[in-house]
Structure formats: structure tokens, C-alpha cells
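Structure first, then comments.
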Ligand code: SF4
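In our numbering, the protein residues as written are 17 to 229.
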């Protein structure tokens, strides 16, 4: 799912808890996000002289193995090519503020890659609409951002194949995680550290003359 990539950018463990272990819990941030998306998901098509606006458009990329639904795709007449055509311009709605990571840009770029494959056209840029404060941020789909999206898709396949949920890395962003109670990062991290030390001690004992075998 295109929307799953933002969880992978935020935390690999959170991604695995949701998409491998099927755990999910709403918090204030996710409920606010759903409400904003419901407003964008009106399914209406709007025609203006220079822009056509399509809402809730299904997207897919066979090459990347991605699918999802775009909030809004604007089709701009002519774009920058000077030819008479409609250039797709994805717009993603987010309830909160701009994030410190690139999760939102990744999600938007994944939509652009799907559109390029589906429509056999170029999608050089899009925009993210943030609810707080209400404003639209332009996003360029640079080669680096495109490569990041492709690598994340590969990482998703690796994680699915392994079927293993990565251990937690406790940090300040855990306080914004809707799965903090399921993850219990500090407890699991300590348990992982204790198991690691235990394993190390066993290996040391085994390597000593007359040690364990
Ligand atoms: S609580 Fe922290 S480590 Fe656990 S899933 Fe959330 S962000 Fe990741």
C-alpha cells in the first residue's frame, strides 16, 4: 500500500506491527487525519478552465508492486511542456504540521511514480496540504526522492519475506506513535539487550578452554 510507506519511514517496527502483525490503534493524530481525508474523499470531479480536479483516484504500479488511493489529482492544462495536454499534479492532505522526516514526500512521490506508469507521462512535482497551519507545500520529485521510494519498496518485500518484526529503537518520536502500548519499546529494548548479553556470555564461555559445548 502506498500509505504504508510513511509508516516505514517513521519506524520499521511500527510498519511491521501494522502490516505483518496486523495491530493498529487510533490516537488523536490518526483520527484527525481520517477526518481531513473524509473531506478530501468526496469523489467529485471539478472542471476549471486550466485545471481538472479528480478526487479519490485509484493508483497502482506493477513495477513497484504498489497500490493505493490518491486524495486529489489535479490535471493542469499544458503543464510546462507547451503542448496541449493535461499534466498530473498529485495533492496529499495531511491533518498536522510539516513533519521532520520525509514520510509525506515519500507517499506523494509514490503516487507520482504510479501515475507515471499508469498514464505514461511525466509527473515532476506535486503538493502536500497541511492542516496546521492550513497551507500547501510544493514537492519536487527529485531523482533522490524517487530512489528512496524504490528502496523502501524493496525493504517492504524484505520485511514481508523475513516475517520478523524488527526490535524497537526507543526515541522521542515513540511518544507520537499510536502503537507505543503494543510496542512497549523500553521494555522490549531492555529484554533484547539482556538476551544479547546472555548470548554473548554463552559464546565467551564456549570459547574458553574446557568451556561449554
Ligand atoms: S513505539 Fe517507537 S519503536 Fe515502537 S513502533 Fe512506535 S516508534 Fe517504533
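Where is the CB? At the ideal position from N, CA and C, for every residue including glycine.
#### Entry: Backbone secondary structure at residue 146 - three-state DSSP
Start at 1 with the first residue of the chain shown, and residue 146 comes out as number 130. Three-state DSSP puts residue 146 in a strand.
### Query
With respect to 6 Å, is the separation between the Cβ of residue 30 and the closest non-hydrogen atom of the ligand SF4 below this value?
Position 14 of the chain shown, counting from 1, holds the residue named residue 30. It does: the Cβ of residue 30 is within 6 Å (strictly closer) of some heavy atom of the ligand SF4.
### Residue from 164, 122, 135 whose Cα sits closest to the Cα of residue 144
Start at 1 with the first residue of the chain shown, and residue 144 comes out as number 128. When each option's Cα is compared against that of residue 144, the closest is 122.
### Task
Identify, in the order they occur along the chain, each residue of the same chain with its Cβ nearer than 7 Å to the Cβ of residue 79, setting aside the five sequence neighbours on each side.
Counting from one through the chain shown, the residue named residue 79 turns up at place 63. The residues are 133.
### Query
For residue 38, which option in 198, 86, 140 has the closest C-alpha, if you only look at C-alpha atoms?
Taking the chain shown and counting its residues from 1, the one referred to as residue 38 is at position 22. Of 198, 86, 140, the residue nearest in Cα terms is 198.
### Query
Between the region 135 to 151 and the region 162 to 172, do three or more beta carbon pairs fall short of 8 Å?
no
### Task
Taking only heavy atoms of the ligand SF4 into account, decide whether any of them is closer than 6 Å to the Cβ of residue 24.
Counting from one through the chain shown, the residue named residue 24 turns up at place 8. No, the beta carbon of residue 24 sits no closer than 6 Å to any heavy atom of the ligand SF4.
### Selection from 177, 64, 184 that minimises the alpha carbon distance to residue 200
Indexing the chain shown from 1 puts residue 200 at position 184. Checked all of 177, 64, 184; the closest Cα to residue 200 is 184.
### Task
Could you have a look at residue 165 and say whether DSSP puts it in helix, strand or coil?
On the chain shown, position 149 is the one that residue 165 refers to. Of the three classes helix, strand and coil, the one that applies to residue 165 here is helix, per DSSP.
### Query
Measuring CA to CA, which of 141, 112, 36, 136 is closest to residue 125?
For the purposes of this step, residue 125 is taken as the residue at position 109 of the chain shown. Ranking 141, 112, 36, 136 by Cα distance to residue 125 puts 141 first.
### Query
Should residue 201 be counted as a contact of the ligand SF4 given a C-beta to heavy atom distance under 6 Å?
The residue labelled residue 201 in the question sits at position 185 within the chain shown. Yes, since a heavy atom of the ligand SF4 falls inside the 6 Å radius drawn around the Cβ of residue 201.
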